[in-house]
Amino acid sequence: MNIQLSEHFTYKKLFRFCLPTIAMMLCTSLYGIVDGFFVSNYVGKTPFAAVNLIFPFLMILGCFGFMIGTGGGALVGKTLGEGATENANRYFTMMVWLAIALGIFLSVIGHILMPSIAHILGATDAMIGDCVLYGRIMNAFNTAFMLQYLFQSFFVTAGKPQLGFMATVAAGMTNIVLDALFIAVFHWGVAGAAWASVIGQCIGGVLPLLYFLRPNSSLLRLQKTKIELSILLKACLNGSSELMTNISTSVVSMLFNFQLVKYAGENGIASYGVVMYTQMIFAAIFLGYTIGSAPIVSYHYGAGHHGELKNMLQKSMLLMLCSGIAMLFLAWALAPALSAFFVGYDAELLAMTEHALTLYAFSFILYGINIFASSFFTALNDGVVSAAISFLRTLVFQTFAVLALPLLLGLDGIWFAVTFAETLAFIVSIVFLIAKRKQYHYF
Numbered sequence: 010m011n012i013q014l015s016e017h018f019t020y021k022k023l024f025r026f027c028l029p030t031i032a033m034m035l036c037t038s039l040y041g042i043v044d045g046f047f048v049s050n051y052v053g054k055t056p057f058a059a060v061n062l063i064f065p066f067l068m069i070l071g072c073f074g075f076m077i078g079t080g081g082g083a084l085v086g087k088t089l090g091e092g093a094t095e096n097a098n099r100y101f102t103m104m105v106w107l108a109i110a111l112g113i114f115l116s117v118i119g120h121i122l123m124p125s126i127a128h129i130l131g132a133t134d135a136m137i138g139d140c141v142l143y144g145r146i147m148n149a150f151n152t153a154f155m156l157q158y159l160f161q162s163f164f165v166t167a168g169k170p171q172l173g174f175m176a177t178v179a180a181g182m183t184n185i186v187l188d189a190l191f192i193a194v195f196h197w198g199v200a201g202a203a204w205a206s207v208i209g210q211c212i213g214g215v216l217p218l219l220y221f222l223r224p225n226s227s228l229l230r231l232q233k234t235k236i237e238l239s240i241l242l243k244a245c246l247n248g249s250s251e252l253m254t255n256i257s258t259s260v261v262s263m264l265f266n267f268q269l270v271k272y273a274g275e276n277g278i279a280s281y282g283v284v285m286y287t288q289m290i291f292a293a294i295f296l297g298y299t300i301g302s303a304p305i306v307s308y309h310y311g312a313g314h315h316g317e318l319k320n321m322l323q324k325s326m327l328l329m330l331c332s333g334i335a336m337l338f339l340a341w342a343l344a345p346a347l348s349a350f351f352v353g354y355d356a357e358l359l360a361m362t363e364h365a366l367t368l369y370a371f372s373f374i375l376y377g378i379n380i381f382a383s384s385f386f387t388a389l390n391d392g393v394v395s396a397a398i399s400f401l402r403t404l405v406f407q408t409f410a411v412l413a414l415p416l417l418l419g420l421d422g423i424w425f426a427v428t429f430a431e432t433l434a435f436i437v438s439i440v441f442l443i444a445k446r447k448q449y450h451y452f
């Protein structure tokens, strides 16, 4: 039985409704992780470092689809809650066309700038060739990557999270099989990793496009529409917090790499790659929940159901806190196995990575709460507050921490930087939630 956005959500219904989206985000996180595993174990440590070095730049380009999906999804969800189905479909169509046009533009820009970006990020002579090769292949299909992010949000808004999950599983499984074939069997190196990923992304981005182009049983469909710049601007501004989060995270990742080269050399970058793969898995759970729950918040906000907003906020904050504590202990338990999975062939690198994971894991306690707080305001169509939380949490606090803490704690300061930043962001999130309570009536 399908769960409707208009229903009252118990913990059981929240779990059932958001589980497909959580699973969808977990599958999406497999792209870089699977590439990393095969490159590290079958191509070598230096190509592995090259892929990790250029990957943050690729994420910056792709996350524009996430911005359009989350901001547009909140606007469309609110419009559905107001009962304006025709307008919701027009807005949805505009978001898809914007993602396609912007994706093509960014692919052209990224192709031209790729060698310069690799040099700026600190690629050595041994790494530069792999950075550019991997980056250009991935970037050529940036439109499909953006569409995949876009439809992850809109499948939930359309009331079909299961279909989004199925599309992402198909994309993820394709990536895994082709990584094994292209790298382990055909020995195509980093090019094989890139081709495996982009073929998977085409499945995750193009198949949903075909679904919405045809008559379907979801709440949304693509239709003829005129472009309304005011609507596109509103959606992009509302989703700017998610864009800021992803861009800031990528920029900070680049800064982490700079610091790690200084304090630990090439091994530091490789260790950080493993830490980020682990973080991607755990973060996918939080992100999946926020994407899954956001349309519920937007719908009830549009319908004026203040009691349901209170219900969603209270349940979600408790779920995020409990999940964060559980993930801390899970990360500690899995640190040896995860480290060995990626870099077990190098004893020194293995020891550094296991230690790094153990320290970094403290950040998971508050990570989910801060992510949800930002997403909650996006769902309320308050992009300014959402962007402020994201901007401070990622770019300001993490940048300060990764520059300052190593001066006091050395290499350990880098691994503790995100925990420090999440603690400050938690304070900011609570302040905004209290300050805005009368405006939105959620408690």
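Using this note's numbering, the final residue of the sequence shown is 452, and nothing's skipped along the way. In this text, a Cβ means the ideal position worked out from N, Cα and C, and glycines have one as well.
Just checking, does the region 55 to 73 make contact with the region 275 to 282 on the three C-beta pairs under 8 Å criterion? yes
For the alpha helix (DSSP H) containing Ile-12, list its first residue and its last residue. Along the sequence shown, read from residue 1 onward, the residue named residue 12 stands at position 3. Run containing Ile-12: none; DSSP gives neither H nor E here.
Among Ser-384, Gly-74, Phe-385, Phe-373, which has the Cα closest to the Cα of Leu-330? To locate residue 330, count along the sequence shown from 1; it is residue 321. Considering only alpha carbons, the answer is Phe-373.
Validate contact between the region 294 to 311 and the region 19 to 32 using beta carbons, cut 8 Å, 3 pairs: yes
Name the two residues that bound the continuous alpha helix (DSSP H) containing Ile-192. Taking the sequence shown and counting its residues from 1, one reaches residue 192 at position 183. Per DSSP, Ile-192 belongs to no alpha helix (DSSP H) and is neither H nor E.
Under 8 Å, do Val-85 and Tyr-100 count as touching if we go by C-beta distance? Mapped onto the sequence shown, residue 85 falls at position 76. Mapped onto the sequence shown, residue 100 falls at position 91. Taking 8 Å as the Cβ cut-off, Val-85 and Tyr-100 qualify as a contacting pair.
Determine the closest residue to Ser-325 out of Met-33, Gly-301, Gly-311, with distance taken between C-alpha atoms. As a working mapping, residue 325 is identified with position 316 in the sequence shown. Ranking the options by Cα distance to Ser-325, first place goes to Gly-301.
For the structure I just gave you, are there three or more beta carbon pairs, one from the region 381 to 391 and one from the region 306 to 321, closer than 8 Å? yes
Taking Lys-54 as part of the alpha helix (DSSP H), name the residues at either end of that continuous run. As a first step, residue 54 is located in the sequence shown; it is residue number 45 there, counting from the start. Residues 54 to 90.
Which same chain residues end up closer than 6 Å to Thr-102 when comparing Cβ atoms and leaving out the 5 residues on each side of it in sequence? On the sequence shown, position 93 is the one that residue 102 refers to. The residues are Leu-231, Gln-232, Thr-234.
How long is the line joining the alpha carbons of Ala-370 and Phe-47, rounded to whole angstroms? Indexing the sequence shown from 1 puts residue 370 at position 361. Indexing the sequence shown from 1 puts residue 47 at position 38. The alpha-carbon atoms of Ala-370 and Phe-47 are separated by roughly 24 Å.
Applying the criterion that 16 or more other CB atoms from any shown protein chain within 10 Å of the CB defines a buried residue, is Pro-56 buried or exposed? Mapped onto the sequence shown, residue 56 falls at position 47. When all chains shown are included, Pro-56 counts as buried.
Kindly give me the distance between the Cβ atoms of Tyr-158 and Gly-45, rounded to whole angstroms, as I take these residues to be in contact under 8 Å. On the sequence shown, position 149 is the one that residue 158 refers to. On the sequence shown, position 36 is the one that residue 45 refers to. Not really, about 20 Å apart at Cβ, beyond 8 Å.
Is the region 267 to 277 close to the region 174 to 187, with three or more CB pairs under 8 Å? no
Going by DSSP in three states, His-314 sits in which element: helix, strand or coil? Residue 314 sits at position 305 when you count from the first residue of the sequence shown. Three-state DSSP puts His-314 in coil, outside helix and strand.
Is Tyr-308 near the ligand COA - that is, is its Cβ less than 7 Å away from at least one heavy atom of it? The ligand COA is not part of the structure shown, which contains no ligands of any sort.
When burial is assigned at 16 or more other CB atoms within 10 Å of the CB, is Leu-327 buried or exposed? Indexing the sequence shown from 1 puts residue 327 at position 318. Counting Cβ neighbours within 10 Å, Leu-327 comes out exposed, since fewer than 16 surround it.
What residues in its chain sit with their C-beta under 7 Å from that of Ala-426, if we drop five residues either side in the sequence? The residue given as residue 426 occupies position 417 in the sequence shown. Only Gln-407, Ala-410, Val-411, Leu-414 meet the Cβ criterion.
Going by C-alpha to C-alpha distance, which of Ala-97, Gly-82, Gly-81, Gly-80 sits closest to Thr-88? Stepping through the sequence shown from its first residue, residue 88 is reached at position 79. The residue with the shortest Cα to Cα distance from Thr-88 is Ala-97.
Tell whether a beta-carbon distance below 8 Å holds between Gly-214 and Phe-160. In the sequence shown, the residue the question calls residue 214 occupies position 205. In the sequence shown, the residue the question calls residue 160 occupies position 151. In this structure, Phe-160 lies closer than 8 Å to Gly-214 by Cβ.
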